[in-house]
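Residue numbers (this note's numbering): 1 to 145. A virtual CB, placed ideally from N, CA and C, is assigned to each residue, including glycine. Quantities reported herein were computed from a predicted structural model and do not represent experimental measurements. Inspection log for the structure reproduced underneath, given as structure tokens.
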């Protein structure tokens, strides 16, 4: 059995409506809470991407390995190409989308409770308890981490 085959099953995430492979590569436990690192291989996401959200006390970084990721930060879309990265400051409304296949490393620092939320489904994060702000006609949510 290879190291990859031996990985814990809870490291692979199921975000249902978002196609692709989502995997925790460095967990909160692995890093003593310093960060959470995930690897995403995404064919494409719905045009609007995941809901706009904030992380009040953690920064989020996108490190694009292949393809182009479009990152929405505080009202503006920015293309992040292979070999580039983009960091979102704590408390900043953001999301992402891609029109072509993309592979990226996604880091939340510090990890806080993000892994707990990532282990659930996107639908569970859309609950009334997570509702935090509105931008234009788009409902946005706070992941409380």
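Asked, Found
"Can you tell which of 38, 112, 30 has its C-alpha closest to the C-alpha of residue 12?", "38"
"Helix, strand or coil, according to DSSP, for residue 113 in the structure here?", "coil"
"Should the segment 97 to 107 be regarded as contacting the segment 64 to 84, the criterion being three or more beta carbon pairs within less than 8 Å?", "yes"
"Output the boundary residues of the beta strand (DSSP E) element that contains residue 74.", "Note, residue 74: premise wrong, no beta strand (DSSP E); not H, not E."
"Residues in its own chain within less than 7 Å of residue 69 by CB, not counting five upstream and five downstream?", "62, 80, 96, 98, 102, 104"
"So, are the CB atoms of residue 36 and residue 28 less than 7 Å apart?", "yes"
"Go ahead and label residue 54 buried or exposed: buried means 16 or more other beta carbons lie within 10 angstroms of its beta carbon, across all protein chains shown.", "buried"
"Residue 11 lies in the beta strand (DSSP E); which residues open and close that run?", "Segment: none, residue 11 is in no beta strand (DSSP E) and carries neither H nor E."
"Could you tell me whether the Cβ atoms of residue 57 and residue 90 are closer together than 7 Å?", "yes"
"My assumption, with CB atoms under 8 Å, is that residue 75 sits in contact with residue 42. Please give the rounded CB distance.", "23 Å between Cβ atoms; not a contact."
"What's the C-alpha gap between residue 71 and residue 88?", "9 Å"
"So, at 6 Å on beta carbons, what are the nonlocal neighbours of residue 50 in its own chain, with the 5 sequence-adjacent residues on each side left out?", "95"
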